[in-house]
Every structure is written in structure tokens, then in C-alpha cells.
Amino acid sequence: MQEFDLVITGGTIATASDTFQCDIGISDGKIAALGTGLKGAEVIDATGKYVLPGGIDSHVHIAQPSSGGIVMADDFESGTRSALFGGNTTVLPFCLQQKGQTIRQALNDYHAKQDGECYTDVSFHLIITDPTPEVLGQELPAAFEDGYKSFKVFMTYEDMRLNDAELLQTFDVARDFGATVMIHCENEDAIKFLIEKHEAAGKLRPTSHATTRPVAVEREATHRALSLAEVVDIPLVIVHVSNRAAMEEIGRARARGQKVTAETCPQYLTLTAKDLEGMDWEGAKFVCSPPPRDEKEQEACWEGIINGTFDLFSSDHCPFRYDSEDGKLNPRGRTNFRYVPNGIPGVETRMPILFSEGVMKGRIDLSRFVAVTSTNHAKTYGLYPRKGTIAVGSDADIAIWDPSETRVVAHADLHDGSDYSPYEGMELTGWPTTVILRGKPVIAGGALKSEKGNGTYLRR
Ligand code: URP
Ligand code: ZN
Ligand code: ZN
Ligand code: ZN
């Protein structure tokens, strides 16, 4: 009988459609057989555990300069190591085109940062901030042809936002080449108006971050983005949706026949604007956009996870440090909420949060968990079925979850480059204890068994 390089036996396997028990035979980095009585040179006994496709986090920011110039607290080494410990085998970070940069320059710079540094497989989305005629006419089409087939555009952030005309032009190029458009929906003019009001009233603390970005600015921008997509006739990925009104806009667009993929994130299920009220600027640890809302909106987002409104559950990992060795990394951010860089860490806690709060608490089943944390990401961004499932021929990217393990989240136990977790103190049950990347156990017994550089760039 054939001997496989590695056999995983005894566990309960889940894909986005089925849950079943059998052995997995792995050879040459690929899943070679699903069956019983398989023989392996190496055997992992997964009795009592769940054997799931490795997580794919399709929305992470690594080594990206923020608005305001503060560089994110993770490079590719720390960011992908942290991702791996959280049960991920692939992440899709953003390659930012800075104003005035060619797409090629942006890609060359960003590839130089990831080369030889990664623990997980990676593939880039572009961020387009400067859609000049050259970018739209030559550079973007060339990038698409090179396999960079997805990009994000922003309706907020002064230095990144596109206006409606630019959105339409950018959508049009995406349509011609079948590229995937992700969009951040918040109305920058309304936010700016509210920021000026808050400053005039001396309301400068982190909590003003939430009150200057109310639901209406997200709802309006979501509606506008979907309308512009309808005009051009393209599908859209609406990222980091935080509330029911925006979900309803997505529902209406779908009812009209538009193809919309929708994403939400852990912060919208577990945090609220109250977290921004912390003493001594502690609230700055929860500044992300859109901001966390309230319990009712959390419930709405849970409904969306359960009923299929959301296809994707991503971290929007965007790490900054709260303190640094020499005191405050961002002293300006301690004077006015508008200078706190937007974004929070979360690539390592994304799946444990959904596993514990979703699967263990009976809100969703294992297949739904797999769909929104892995399979749908692969399908949305052109990696399926190589990634995102457990099937013969797929890459052997697997996370083995122990549903009996309970841990209290403490940043000291995490592996990212930030210095806090917004989820500190949460008790979570169910953690990935073994992670296999293309057939190689890279985390075993909760310990790292890999080196940077074992993750590769995935051309799409
Ligand atoms: O606050 C956030 N989400 N920062 C990351 C950048 C983005 O908009 O996704
Ligand atoms: Zn965004
Ligand atoms: Zn984003
Ligand atoms: Zn983001």
C-alpha cells in the first residue's frame, strides 16, 4: 500500500460544506487522499480535535505606512508569524500605491519587504490612491496581467480617498480586466465636517473618533459605492461593514441583482464605542475605521455572519504600538483623536474569537466557520481550490483545533509587533494547536516549528 509523507488521523474534518471523519493523506505538500487506514511516514493523531482548512485572512495591513506617516508595528516576519499562531496559512496584505508612485514601484518596494520573511503564504492586493491616466491606462492593466487581480480603494482618509469620478474610472478599468474591487465606505467630507465641529468644541479625546464617524457616514458611502458599481456594472467587495444600515444597503443591492461580497471583522462583533472611553488615552487602543458601534449593531453583525449577509470574516489587522521604549510613539496622538493612527491588531485572535463566540456558543456550525474564515476568501480572490479547502489536489494547508483548550487573551502570549491586544482579557475556548503549511507541520503542540521564508508569494 502507498505510504504518504504525512497522515492525519482520528480527527473531525470540516469543509465549507461537510463535516466528516477520515484520514488525510498528504504527499509533496498536497492533499493526496481522503480515506481510511492510510499509512504515513509521519502520523498526527487528531482524535478529539477539529481538522480545518488553514485560515485565509484576506484583509491585513503589514509594514504599510499609515496616513500621518507612522509605520505599522508588524513587518512580514512578525505579522505572518502572528497569523500562523492564529491558525492562518495564507494572508493577503495590501501593497499601497503612495501618491506620485507608479504601481510597479509600489510592488517592487513591497515585494522587497516580504521576500524571504514570511511564515505563511502571502499574496498582495493593491491600494490605488493616485489613479492618473498612466495608472488607469497602462500601469493597472499591466499589474492585472501580472496576477495582481484585486485592489482596494478608499472613500475616506484625506490622502487616500478617491472622488466619485475617480471611483468610476477605476471601476471601469477593473471591469475591462475582471479585477476584484474592494472598497472602504465612509464619507470623508462628512467626517471632516464633524471633526472640525468636535475640535471647535474641544472634544479631542479618542471617543470623538466614533462620534465623527457615525453610522450615517458609512451607510451613505456604502449606498453610493454600490450605486457607482451599478452604473459601471461591476461586482464589489464591501470591506469591514460595522452596522445594520450598511448591511441593508448591501441587501438591497443584491435584491436588485448586483453581485456584492461583504466582509465584517472581530471588532464589530466584540467591541463597542464605549471601549474608546478608556482612561489616559487607553481608548486610543480601539481606534479603527469604521469605529466599533454598540450592542445592537454587534447583534446585527452576528446576524449577518449567521444568515449569509457576510461572506468574509477578516481581521483588518492594522497594528500600531501604544507605547514605545522612549515613551509615546505618537505624541501627537495623545493631544487629539484625529492624530491617532487608525487600525488595531487582530490577525492572531480573528479565528479564535469566531471559534469561541460563534462555534462554541452555538451561533454557527463548523462549516460556516470554515466558509467565512477560509473558503470564501480563496474563492473571492482567485486562490480556490488550491487554497481554502480540504480536497484531493489542494495544498495541504491545515489547522488542527483543540475545542477543549481555554485561554484568556493576553498580548504577552501573542506574536505580533504591537504592544497590546484590543481583546486583552477575553476568555476564548478553542485554539489551533497544530498548523500545517503545504504539508509541513509549522506549529506543533503550540510551538513554532518553522523558519521565516517558508511562506511563499502566491501568484494569482
Ligand atoms: O482603521 C482601519 N481599518 N485601518 C486600516 C485601514 C483600513 O481602512 O482598512
Ligand atoms: Zn478600510
Ligand atoms: Zn482596509
Ligand atoms: Zn484595513
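Going letter by letter, the sequence shown gives residues 26 to 485 in the numbering used here.
For each residue, glycine too, the CB sits at the ideal point set by N, CA and C.
Only a predicted model underlies this, so the values are computations on that prediction, with no experimental measurement involved.
Put simply, the backbone Cα of P466 is about 44 Å away from that of E183. Shown here, H440 sits in coil according to DSSP, grouped into three states, outside any helix or strand. By the CB criterion at 8 Å, L77 and A39 fall inside the cutoff. Counted as a single uninterrupted DSSP element, the alpha helix (DSSP H) harbouring F110 occupies residues 101–110. Beta-bridge analysis with DSSP links V96 to P90. Taking C-beta separations shorter than 7 Å and ignoring five residues to either side along the sequence, the partners of I220 in its chain run T237, R363, following chain order. Short of 8 Å from the beta carbon of S103, and not among the five residues preceding or following it, lie these beta carbons of its own chain, in chain order: H440, D441, G442. Every beta strand (DSSP E) of 3 residues or more that sits fully in the region 126–196 is shown, in chain order, as 150–152, 175–179.
In this chain, the alpha helix (DSSP H) harbouring Y293 covers 291–295. The C-beta of A66 has fewer than 16 other C-beta atoms within 10 Å across all chains shown, which makes the residue exposed.
From the listed residues S148, D82, K177, K310, the smallest Cα separation to P231 is found for K310. Closest in alpha carbon position to T458, among S83, W327, A424, is A424. For the region 317–361, the full-length alpha helix (DSSP H) segments reaching 4 residues or more read 320–332 along the chain. With a threshold of 7 Å, the Cβ atom of H150 does not count as near ligand 2, since no heavy atom of the ligand is closer than that. With at least 16 other beta carbons inside 10 angstroms of its own, P156 counts as buried. Spatial neighbours of E245 in its own chain (CB-CB distance under 6 Å, excluding positions within 5 residues in sequence) are listed in chain order as N212. DSSP places P377 within a helical segment (H, G or I) once states are collapsed to three. Any heavy atom of ligand 4 counts here; residues with a Cβ closer than 6 Å to one of them, in chain order, are H84, H86, D341, C343. Bridge pairing for D48: G60 [DSSP]. If you measure from each CB to the nearest heavy atom of ligand 2, the residues under 6 Å come out as H209, V264, H265. The beta-carbon distance between I69 and L109, rounded to whole angstroms, is 17 Å. This is too long to meet the 8 Å contact definition. Here the alpha carbons of L132 and W426 stand approximately 35 Å from one another. Checking the 7 Å criterion, the Cβ of C313 is within range of a heavy atom belonging to ligand 1. In this structure, DSSP gives S233 a helical state, which the three-state scheme calls helix. Cβ neighbours of G35 within its own chain (closer than 6 Å, five residues either side excluded): D70, A71, T72. In the three-state reduction of the DSSP assignment, N401 falls in the helix class. Per the Cβ contact rule, the region 183–199 is not in contact with the region 320–335 (fewer than 3 Cβ pairs under 8 Å).
At least one heavy atom of ligand 1 is found less than 7 Å from the C-beta of G368. Minimum Cα-Cα distance from H234 among the listed residues V85, R346, P366 corresponds to P366. Nearest Cα to R463 within the set T154, F29, I49, I56: I56.
Pairing M207 with K177 gives a Cβ-Cβ distance under 8 Å. Looking from the CA of C210, the closest CA among V160, K477, A271, G162 belongs to A271. At a Cβ-Cβ threshold of 8 Å, A98 and F335 do not count as neighbours.
Annotated as proximal: G111 and G80, with beta-carbon spacing under 8 Å. Rounded to whole angstroms, F101 and R269 show a C-alpha spacing of 34 Å.
DSSP places M26 outside both helix and strand once states are collapsed to three, so it counts as coil.
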